[in-house]
Amino acid sequence: MNEKYYLTKQGLKRIKKEYEDLKKIRMAKTKGDSPQLLQSDDLNPEYIVFREDLSFLESRLIDLEHILKNIELIKLPPKNKRNTVHIGATVTLEEVDGQINEFTVVGTLEANPDEGKISSDSPIGKILLDHKVNDVLEVTSPIKVVYKVKKIKYSSF
Amino acid sequence: MKNILNFLIEANKLKEMPRTGWVLMGVKKPEFITGHVFRLTVAAWLMGEKAGLNIERAMKIALFHDLGEVYAGDATPFDYYGGLSRKKKKDEKLLMKWVRLSKEEKKKRARARTNKETKAFLKLTKNLEPKLKNEIHAHWYDYEKRMSKEARFVKQLDKIETLLQSIEYFGSDNSTGGTSWWEGTKEIVEDPLLLDFLAVIQRRLYRRYRRIFGEKIKVSKTFKKREKELIHILDFLLEIGKLKHMPRLYWMIRGVKKPETVAGHIFTLTLMAWVFGTPQKRTYKMEKLLKMALVHELSAVYTGDSTPYGRILRRTKEKKEKILEKWPRLSRKEKMRKFIDDFRKERKAFKRLSARLRGPSGKEIFKLWHEYRTKNSVEGRFLSQLNVMAVLLQALSYEEQDKKFSAAPIWEWAFEVSDNPVNFELIEEMKKRFY
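Just so you know, the protein sequences line up as chains D and R, in that order.
Heads up: the first sequence is residues 52 to 208, going by the numbering used here.
Heads up: the second sequence is residues 75 to 509, going by the numbering used here.
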């Protein structure tokens with residue numbers, strides 16, 4: 052996997068917020084007021100796991116620091132490059148029988164294939180990158196699927 | 075990777091092995107060994123937390139404890155009589171009550187079973203890398219010898235889980251054999267918290283038949299204080315028990331004759347989470363990974379199992395077989411809509427489920443599912459990709475058994491989802507092993 056983390060502005064905001072929240076929890080733990088803050092029912096359920104385990108909290112913070120140091124913000128490509136698939140593109144594919152399939156190529160931290168957002172490091176993501184409209188692609192897992200690139204779209208992010 | 079894949083293929087056989095006790099008792103569609111392991115592991119988590127145990131250790135003990143049955147077969151106390159059948163009148167009488175054996179005989183049987191299972195464990199883990207092999211062995215020996223407090227706790231809980239299943243099959247009536255396991259459970263349970271839990275089971279599920287048992291379970295001094303919590307856990311465990319008998323829809327619509335259950339799939343993913351979460355350089359927290367794997371499909375209790383084809387199959391006039399040949403093709407808008415619909419349904423189900431548990435455990439379950447579903451953490455992303463590998467492995471096993479079955483759509487799914495080295499390595503190994 053690449054050491055660079057491609058993120059949209061929204062994704063970056065989310066990561067920064069988690070980092071700041073966890074730093075506050077660490078501060079509370081080391082100051083000793085953890086029982087009040089961490090045992091409270093108001094605690095964001097996402098952070099329950101850090102209640103008992105300061106070492107895991109530390110490692111998650113290191114993880115986030117690593118991500119924040121290696122972020123590459125996804126930018127809208129210049130107009131003359133928008134006919135090619137880069138990270139951030141939504142690609143419409145057409146199969147021989149006319150069936151349509153669509154993906155948005157994103158960085159690993161924002162990928163959610165259930166929503167159609169696939170990672171640029173996934174086999175399909177890698178195949179899509181750098182292709183242009185009307186290019187024919189072959190996806191070969193043990194089975195072979197042939198697609199034609201019908202449309203490439205960039206929306207603001 | 076080759077040896078790990080072989081280990082998983084072998085362990086997956088437990089998904090098709092019914093528990094012998096229920097077969098002897100004439101249960102028509104008995105649970106599989108993995109169903110029992112699934113609920114026991116969840117119980118080890120929830121009850122272990124109340125007992126202040128090391129949850130990771132308790133869950134691993136529960137997860138591994140029956141692995142040897144792949145080769146040793148499922149042992150039941152009723153084997154002691156050898157070849158009983160409920161259909162025979164004289165046998166039925168024996169099956170109605172817990173086994174009676176001399177102390178010597180019990181020892182002899184236990185030794186024989188341990189020897190058989192030890193050989194089975196050694197065979198199953200023979201080629202695994204030392205770190206994994208040693209961990210399985212350590213937890214299993216711990217369980218067998220009851221060395222740690224976690225092992226002693228899970229050993230007792232194992233009986234309680236089976237007791238719950240017996241109540242689900244036979245009710246709590248002694249004329250149907252529903253009291254037999256009660257007798258067996260009472261022989262082994264001694265932990266104060268578990269005795270309180272037994273008292274809750276007695277009060278909730280056996281209340282009409284209390285006179286059958288004579289004495290009440292002796293409860294601890296703190297019983298009153300924790301009774302409600304224990305009732306919530308009992309209700310929750312009974313609820314998720316439905317997944318032991320719920321077949322996976324994806325295989326059903328493809329005509330698989332004996333499809334794995336939702337609980338069986340959860341078992342596979344939990345085992346894979348342990349296998350592949352262990353040697354990672356990334357900072358996965360094992361306890362969290364195991365819990366997330368156990369939780370990831372609990373919503374099926376209320377939503378039923380679903381497939382990505384549901385909406386498409388309802389709307390189209392195309393032949394079902396034709397559609398099922400491929401992974402669904404959808405526009406981004408349709409994918410989003412489907413994701414949001416599914417997400418809402420699952421969220422509602424999880425809110426209902428976590429409300430049953432109340433308190434921190436309920437919140438934690440909700441949060442784990444949320445992270446998994448939104449892939450909003452390293453564990454969530456790792457596990458959701460691993461989940462596809464668990465499904466692919468199952469599909470390849472079906473394809474191997476039945477040449478008409480095709481794993482092609484799952485391959486497509488795996489190619490969309492995977493972007494971590496574990497998945498890539500597994501994909502390559504699966505290609506070598508199955509093609």
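Glycine residues also receive a C-beta, built at the ideal position from the N, C-alpha and C atoms.
What's the C-alpha gap between residue i and residue j?
i                      : j                      : result
residue 346 of chain R : residue 450 of chain R : 20 Å
residue 414 of chain R : residue 164 of chain D : 13 Å
residue 184 of chain D : residue 123 of chain D : 26 Å
residue 224 of chain R : residue 123 of chain R : 11 Å
residue 456 of chain R : residue 171 of chain D : 16 Å
residue 132 of chain R : residue 118 of chain R : 6 Å
residue 149 of chain R : residue 243 of chain R : 19 Å
residue 143 of chain R : residue 117 of chain D : 44 Å
residue 427 of chain R : residue 130 of chain R : 22 Å
residue 52 of chain D  : residue 458 of chain R : Its pLDDT being 47, under 50, residue 52 of chain D is placed unreliably in this model, and the value from its coordinates should be taken loosely. The straight-line gap from Cα to Cα measures roughly 17 Å.
residue 175 of chain D : residue 70 of chain D  : 31 Å
residue 56 of chain D  : residue 126 of chain D : 13 Å
residue 147 of chain D : residue 198 of chain D : 7 Å
residue 401 of chain R : residue 152 of chain D : 10 Å
residue 305 of chain R : residue 203 of chain R : 42 Å
residue 97 of chain R  : residue 270 of chain R : 30 Å
residue 90 of chain R  : residue 492 of chain R : 28 Å
residue 362 of chain R : residue 452 of chain R : 11 Å
residue 460 of chain R : residue 175 of chain R : 46 Å
residue 102 of chain R : residue 135 of chain D : 59 Å
residue 439 of chain R : residue 229 of chain R : 24 Å
residue 179 of chain R : residue 95 of chain R  : 19 Å
residue 147 of chain R : residue 475 of chain R : 22 Å
residue 196 of chain R : residue 108 of chain R : 20 Å
Please check the pair residue i and residue j, which I expect to be a contact at CB under 8 Å, by giving their CB distance rounded to whole angstroms.
i                      : j                      : result
residue 490 of chain R : residue 169 of chain D : 5 Å
residue 443 of chain R : residue 370 of chain R : 7 Å
residue 113 of chain R : residue 311 of chain R : 6 Å
residue 105 of chain R : residue 93 of chain R  : 6 Å
residue 262 of chain R : residue 213 of chain R : At roughly 19 Å, the Cβ-Cβ gap does not stay under 8 Å, so residue 262 of chain R and residue 213 of chain R are not in contact.
residue 192 of chain D : residue 486 of chain R : 6 Å
Take the Cβ of residue i as the centre, count every other Cβ of all protein chains shown within 10 Å, and call the residue buried at 16 or more, exposed below.
i                      : result
residue 221 of chain R : exposed
residue 121 of chain R : buried
residue 68 of chain D  : exposed
residue 509 of chain R : exposed
residue 236 of chain R : buried
residue 265 of chain R : buried
residue 137 of chain D : buried
residue 378 of chain R : exposed
residue 403 of chain R : buried
residue 86 of chain D  : Confidence at residue 86 of chain D is low in this model, with a pLDDT of 47, below 50, so its placement is unreliable and no value can be given for it.
residue 494 of chain R : buried
residue 139 of chain D : buried
residue 337 of chain R : buried
residue 226 of chain R : buried
residue 167 of chain D : buried
residue 127 of chain R : buried
residue 113 of chain D : exposed
residue 121 of chain D : exposed
residue 512 of chain R : No statement about residue 512 of chain R is possible, as the shown extent of chain R runs from 75 to 509 and does not include it.
residue 198 of chain R : buried
residue 332 of chain R : exposed
residue 447 of chain R : buried
List the residues of chain D whose Cβ lies closer than 7 Å to the Cβ of residue i, in chain order.
i                      : result
residue 490 of chain R : 164, 169, 173 and 175
residue 509 of chain R : 193
residue 505 of chain R : 193
Give the interface partners of residue i over in chain R, defined as CB-CB distance under 7 Å, in chain order.
i                      : result
residue 194 of chain D : 482 and 485
residue 190 of chain D : 489
Using a cut-off of 9 Å between C-beta atoms, extract the partners of residue i located in chain D.
i                      : result
residue 404 of chain R : 151, 152, 153 and 167
residue 413 of chain R : 163, 165, 166 and 167
Residue i versus chain R: which residues are under 8 Å apart at the beta carbon?
i                      : result
residue 141 of chain D : 406
Residues of chain D with a CB under 8 Å from the CB of residue i: which are they?
i                      : result
residue 449 of chain R : 162 and 163
residue 133 of chain R : Near residue 133 of chain R there are no residues of chain D at all, since even the closest Cβ is about 14 Å away, more than 8 Å.
residue 409 of chain R : 153, 165, 166 and 167
Using the beta-carbon of each residue, which ones in chain R are nearer than 9 Å to residue i?
i                      : result
residue 159 of chain D : 455, 493 and 494
residue 146 of chain D : 400 and 403
Using a Cβ cut-off of 7 Å, which residues of the region 358-379 of chain R contact any Cβ in chain D, in chain order? Listed in chain order, the positions of the region 358-379 of chain R with a beta carbon within less than 7 Å of a beta carbon of chain D are 359 and 362.
Counting only Cβ-Cβ distances shorter than 9 Å, please list the residues of the region 216-227 of chain R near chain D, keeping chain order. The residues in question: there are none.
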